[in-house]
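Chains as they are written, first to last, in my numbering: chain Y, 49 to 377; chain A, 403 to 742.
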């Protein structure tokens, strides 16, 4: 029995490492090597393909690299830091011109970033940051400001209820507990609505960024709160789940309960244009063009801003109708 | 005194306690609106359906001394297959087509269960490893099916299995209860239950006694796969979309917990379907209560853990003896003298 178990374990380990191996390396699309001076070579390590948002992010980077005439070496880390570290090491060995990556986690990057610095290869962070004390390890961080997103959501609400009296009961669907977007979107929102004492968050609970949890938690909010005026969901998916719960309770989403969400993915924009959501703060994955600009700037010896925000906007129901046909993700 | 000693006494007490909390926190605990039941209690029963189905399959697997970690992945695949096919229908509201598609999705889940059963009973791989393979790979398959995207459907017959009502009762709960009743009849009114427990007790002895233990083992994994597939359909119908990343994520652990709360031994050889039903509804009630009483997100997991620990301790005879034993009239400390 024990022997059988150990054989199975070895099998499982081999299977696991084989799977990890698939994503760890670069896609080796280039045969020319990176020595050629005419074309900039960018090594990019992506988190994985965990959501539609991420898929759109990957596509934006691949498309804009092609458009900018930059040779892209793309590696998918499949959500594992060790894959990402080995991908960055392989970029260093190949002497790429610039390395960019979206860190899977925030900590543990100092050693490999030091190696890149010693090899004189500039590093750009995209979408997510690292917690390294030594900020000289990377040249720039391009990504959304989640606190700002929370503030935009809060500001819209403050404007909506300006000059009105009476308490406004808000319920909040938080993202995954401990995740940076969840913490920051909550903080930005809370700070902004503090300016109006009528605006009160009466219930706040995690919906794990998923539709099913968003729906379940909203069902209970509806059952356990006497009156809900506004729902603030940290992403579109939880908002979409909550809409199902609100409709099942015989209320009209967007009218009886005003809904604000963050992200602006296609499904969310559709609901916005149908009047089921009132306002969406965009968190754009389409940072490819901006990234390529920074890469060129760095290659030409320039020093970009340390913190660059993704170009993002907000959508009302009217704007959603115009924008919807152009949504790619 | 005997009722207190019944192994389902304490889980039932905690379940009732949670429901009582909800009577006070809820606007409506249970009422009739638009011709169907409405309120927290129907919400809990409806929400518990997927877990109930998965835990039911898990009970049978555990009764044979096995375990099925792949149920969450099977849920994801089943929902993904169904939504992908329904999305391409010219008329998504065609009841016949939707039923056929649901049958296809459950058929696929049965095949996945057969794969697990074959690995365990024919190839002889440890159940935890055999089902771990599908747990990891299955979610990948589901993401491949949906191309990593969330697939939306607008099919009212499909939505009915999760959010509809029949005779005022949520359809999802009726489906789960029908599965429970069928399983009880098959295991307790025929010799099947005895055979399951026999295989769980000792596969070798069962085989020598003339029981086809290999066939029984394969069967429980097939049933578990099929029930997980059904749970996946209800899960995806509830949100009218296939979310291959989060569908059934970590549900295997909740299912195992429900089974254990219900008094089924993890080593196999004994099972209680009634216990599993109470366990599954209890877990759902706990999740609803956490939100209803406004436990902060950061403390939610700790809160759940405290309840579960309290529950497990209350079920332990040794613990009860140590803590409550001293309050009872103690037996003479020294055994009565025996004449030499």
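Virtual Cβ for every residue (Gly too), placed ideally from N, Cα, C.
- Between residue 700 of chain A and chain Y, the shortest Cβ-Cβ separation is below 7 Å.
- Within the model, the alpha-carbon separation for residue 335 of chain Y versus residue 510 of chain A is close to 39 Å.
- Taking a cut-off of 8 Å on C-beta distances, the region 417-432 of chain A does not touch the region 635-647 of chain A, as fewer than three cross pairs fall below it.
- When Cβ-Cβ separations below 7 Å define contact, residue 289 of chain Y makes contact with chain A.
- Between residue 540 of chain A and residue 496 of chain A, the gap from beta carbon to beta carbon reaches 7 Å or more.
- DSSP, reduced to helix, strand and coil, places residue 252 of chain Y within a strand of the structure shown.
- For residue 639 of chain A against residue 561 of chain A, the beta-carbon gap comes to about 5 Å, under 8 Å, which counts as contact.
- Going by DSSP, residue 218 of chain Y is part of the beta strand (DSSP E) stretching over 216-222.
- For the region 585-656 of chain A, the continuous alpha helix (DSSP H) assignments of 4+ residues that do not extend past its boundaries occur at 594-603, 605-610, 615-640, in sequence order.
- Checking the DSSP bridge columns, you'll see residue 188 of chain Y partnered with Y:172.
- With contacts defined as CB atoms closer than 7 Å, residue 673 of chain A and residue 465 of chain A qualify as a contacting pair.
- Residue range 146-149 is occupied by the beta strand (DSSP E) that includes residue 148 of chain Y, with no alpha helix (DSSP H) assigned at that position.
- Under the 10 Å beta carbon count, residue 297 of chain Y is surrounded by 16 or more other beta carbons and is classified as buried.
- Where residue 139 of chain Y is concerned, the enclosing alpha helix (DSSP H) starts and stops at 129-141.
- For residue 428 of chain A, the C-beta contacts it makes with chain Y under 9 Å involve 268, 271, 272, in order along the chain.
- With fewer than 16 other Cβ atoms from the protein chains shown falling within 10 Å of its own Cβ, residue 721 of chain A counts as exposed.
- Under DSSP, residue 433 of chain A shares a beta bridge with A:440.
- Your pair residue 448 of chain A and residue 574 of chain A checks out as a contact, with CB atoms roughly 5 Å apart and the cut at 8 Å.
- Pairing residue 627 of chain A with residue 454 of chain A gives a Cβ-Cβ distance that is not under 7 Å.
- Flagged as an interface residue toward chain A: residue 260 of chain Y, by a C-beta distance shorter than 7 Å.
- Contact annotation: residue 507 of chain A and residue 483 of chain A have beta-carbon atoms nearer than 7 Å.
- Among the residues facing chain Y, residue 551 of chain A is included, as its CB has a counterpart in that chain under 7 Å away.
- Considered as a whole, the region 262-323 of chain Y harbours 278-281, 306-311 as its complete beta strand (DSSP E) runs of no fewer than 3 residues, in chain order.
- Sequence-distant Cβ neighbours of residue 608 of chain A in its own chain, meaning closer than 6 Å and more than five residues away, are 600, 601, 615.
- The beta carbon of residue 566 of chain A sits closer than 6 Å to the beta carbons of 573 from its chain, once the five residues preceding and following it are set aside; these are given in chain order.
- Non-local C-beta neighbours of residue 680 of chain A in its own chain, meaning closer than 8 Å and more than five positions away in sequence, comprise 410, 413, 414, 417, 663, 664, ordered along the chain.
- Short of 7 Å from the beta carbon of residue 688 of chain A, and not among the five residues preceding or following it, lie these beta carbons of its own chain, in chain order: 420, 706, 709.
- In the structure shown, the three-state DSSP call for residue 690 of chain A is helix.
- DSSP, read as helix, strand or coil, puts residue 89 of chain Y in strand.
- In the three-state scheme derived from DSSP, where H, G and I count as helix and E and B as strand, residue 327 of chain Y is classed as strand.
- Residue 243 of chain Y counts as exposed, since fewer than 16 other C-beta atoms from the protein chains shown sit within 10 angstroms of its C-beta.
- Annotated three-state conformation of residue 661 of chain A is helix, per DSSP.
- Below 8 Å, too few C-beta pairs join the region 314-328 of chain Y and the region 152-170 of chain Y to call them touching: fewer than three.
- Following the DSSP letters along the chain, one finds residue 103 of chain Y inside the alpha helix (DSSP H) bounded by residues 100-115.
- Our two residues, residue 444 of chain A and residue 95 of chain Y, have alpha carbons roughly 41 Å apart in a direct line.
- By DSSP's assignment, residue 94 of chain Y forms a beta bridge with Y:124.
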